[in-house]
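Position one of the sequence shown corresponds to residue 2 (this note's numbering), numbered consecutively onward. Ideal Cβ positions, reconstructed from N, Cα and C, are used throughout, including at glycine.
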Amino acid sequence: MAERLLIRALKGGKNTKIVILNGKNITKMPSVLEKLPGLKTLYLQNNQISKVCPEISNLTQLTALNLGNNLLEEVPEEMKYLTSLKKLHLFRNKIHRFASGVCDGLQSLILLNLNNNQLTWIPQEISRLKNLRCLSINHNQLASIPRELCFLENLSELQLNYNQLVCIPKEIKFLKKLRKLLLSRNNIKSLPEGLCNLFNLRILDVAGNVIQMFPPGFQDLKLREFYCEGNPLFLKQPVSAIKQEDVWSLQEITSRFIMNQLAEKNPFLMKAIKWYPQVRSIISQGRKCAICEKFFLTIWLECVEFFPPSKNWKISRNLQLVPLRILICSYKCFYQRNPNIFGIAQV
């Protein structure tokens, strides 16, 4: 069947624009494709192709290439000759590396789909894909992303779900055209403040990470969809306290200093405190803030504001069942009248 389709395509010669050979049990990319210089669309997904034939470099008018669900182990070097290519699908392969120089020639590329592969890193050369608008690398093994990725000034959609990311580069603030950012099911502990400068961002998914707080200015994002279920920010209840006068007592100031220094294992204080049982008795009453993890004795200044999410935000279904609030801790202390309120804490 594949042979007949190829023969028909070859008869068309330069006039053949589309070749579709999906699911034909092809183990080797047909080298005769070089005889179709006018080809614009080539679909070869759901086969068993492990290498790209060198002849593909002749397809300089190709704009869409789909090699999804094959056996490729790298983003092939031959791709750099496809200077007209706009859409490249390489999902569900065994890709774990980029061939050297592969990003050099893909200056027209708009969409790159690398979902469900085995990538552990992205080369710095990714920044050469100047026209890239959509980058999808879901279900890989990325522990980090290079700061150079954040220099793709035309990028509007970035998908990094189901990886092993622990942080996002602060340079993400340079992705001014970013509208959709998907980071669910990673190991991200916090988001950089630069994220709050992405005023074109409309969809943000950080579900299933280990985020406890969000950066200042988060409430100013003009999101339409926001997903954050499965983060520990809903599991950790802040310490409640009674607000008193703005001037701390000398005992409060001294106690805070001693408790926080002891927490940092200050050798001088750890030795000296043994000789002051009365001080030990006083600081034994201290408590630790659940937000900034600093110690206080009897009072905790109020410097927290609650911001309801924008009415334009579409939020996770389970969050609609609780009184959602965005919590901003503007300084390293915390006060909350109602410890039972759920909050998205940001410091």
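Nearest candidate by alpha-carbon position, reference residue i, set the options
{"i": "Glu194", "options": "Gln49, Glu172, Gln165", "result": "Glu172"}
{"i": "Glu79", "options": "Asn187, Asn59, Lys95", "result": "Asn59"}
{"i": "Gln108", "options": "Met214, Leu199, Asn132", "result": "Asn132"}
{"i": "Ser145", "options": "Ser157, Val167, Ser128", "result": "Val167"}
{"i": "Asn114", "options": "Asn94, Phe219, Lys275, Ile259", "result": "Asn94"}
{"i": "Ser32", "options": "Asn48, Pro38, Pro55", "result": "Pro55"}
{"i": "Leu251", "options": "Pro278, Tyr228, Thr64, Phe297", "result": "Phe297"}
{"i": "Asn313", "options": "Glu226, Asn67, Glu75", "result": "Glu226"}
{"i": "Asn210", "options": "Pro233, Ala100, Leu112, Val20", "result": "Pro233"}
{"i": "Ile27", "options": "Ile57, Gly39, Leu68", "result": "Leu68"}
{"i": "Glu158", "options": "Arg186, Val76, Ser137", "result": "Ser137"}
{"i": "Leu355", "options": "Ile123, His140, Tyr163, Asn141", "result": "Lying before the first or after the last residue shown, residue 355 is absent from the chain, which here runs from 2 to 348."}
{"i": "Gln49", "options": "Glu265, Leu22, Asn139, Leu176", "result": "Leu22"}
{"i": "Ile96", "options": "Val76, Cys104, Gly106, Val103", "result": "Val76"}
{"i": "Ser256", "options": "Leu143, Lys272, Ser282", "result": "Ser282"}
{"i": "Ser51", "options": "Glu74, Ala65, Leu86, Tyr277", "result": "Glu74"}
{"i": "Lys25", "options": "Lys15, Glu35, Asn70, Leu37", "result": "Asn70"}
{"i": "Ser285", "options": "Gly218, Ile259, Asn198", "result": "Ile259"}
{"i": "Leu72", "options": "Gln119, Leu34, Gln125, Ser101", "result": "Gln119"}
{"i": "Phe200", "options": "Leu176, Asp206, Val207, Arg186", "result": "Leu176"}
{"i": "Ile128", "options": "Ile254, Ile57, Gly102", "result": "Per the sequence shown, residue 128 should be read as Ser rather than Ile. It is Gly102."}
Paired residues, beta bridge with residue i - DSSP
{"i": "Gln160", "result": "Ser137, Leu183"}
{"i": "Asp206", "result": "Leu183, Tyr228"}
{"i": "Tyr44", "result": "Ile21, Asn67"}
{"i": "Arg288", "result": "Phe297"}
{"i": "Lys266", "result": "None; Lys266 has no bridge partner."}
{"i": "Met30", "result": "Looking at the DSSP assignment, Met30 forms no beta bridge with any residue, so it has no partner."}
{"i": "Lys315", "result": "Glu226"}
Whole-angstrom C-beta distance between residue j and residue i, which should lie under 8 Å
{"i": "Leu161", "j": "Leu184", "result": "6 Å"}
{"i": "Thr84", "j": "Thr61", "result": "6 Å"}
{"i": "Ile111", "j": "Lys81", "result": "Wrong, their Cβ atoms sit about 16 Å apart, outside the cutoff."}
{"i": "Asn155", "j": "Arg134", "result": "6 Å"}
{"i": "Asn188", "j": "Gln165", "result": "6 Å"}
{"i": "Gln142", "j": "His90", "result": "Their Cβ separation, rounded to whole angstroms, is 20 Å, which puts Gln142 and His90 out of contact at 8 Å."}
{"i": "Pro170", "j": "Leu192", "result": "With 8 Å as the limit, Pro170 and Leu192 do not qualify as a contact, their Cβ atoms being about 11 Å apart."}
The ligand SAM heavy atom lying under 7 Å from the CB of residue i
{"i": "Cys104", "result": "This structure lacks the ligand SAM; in fact it carries no ligand of any kind."}
Span of the alpha helix (DSSP H) around residue i
{"i": "Lys275", "result": "Neither: Lys275 is in no alpha helix (DSSP H) and is coded neither H nor E."}
Limits of the unbroken beta strand (DSSP E) element including residue i
{"i": "Leu113", "result": "112-114"}
{"i": "Leu166", "result": "Premise fails: Leu166 is in no beta strand (DSSP E) and is neither H nor E."}
Can you check the region 59-108 for any beta strand (DSSP E) of at least 3 residues that lies completely inside it and give the ranges in chain order? 65-67, 88-90
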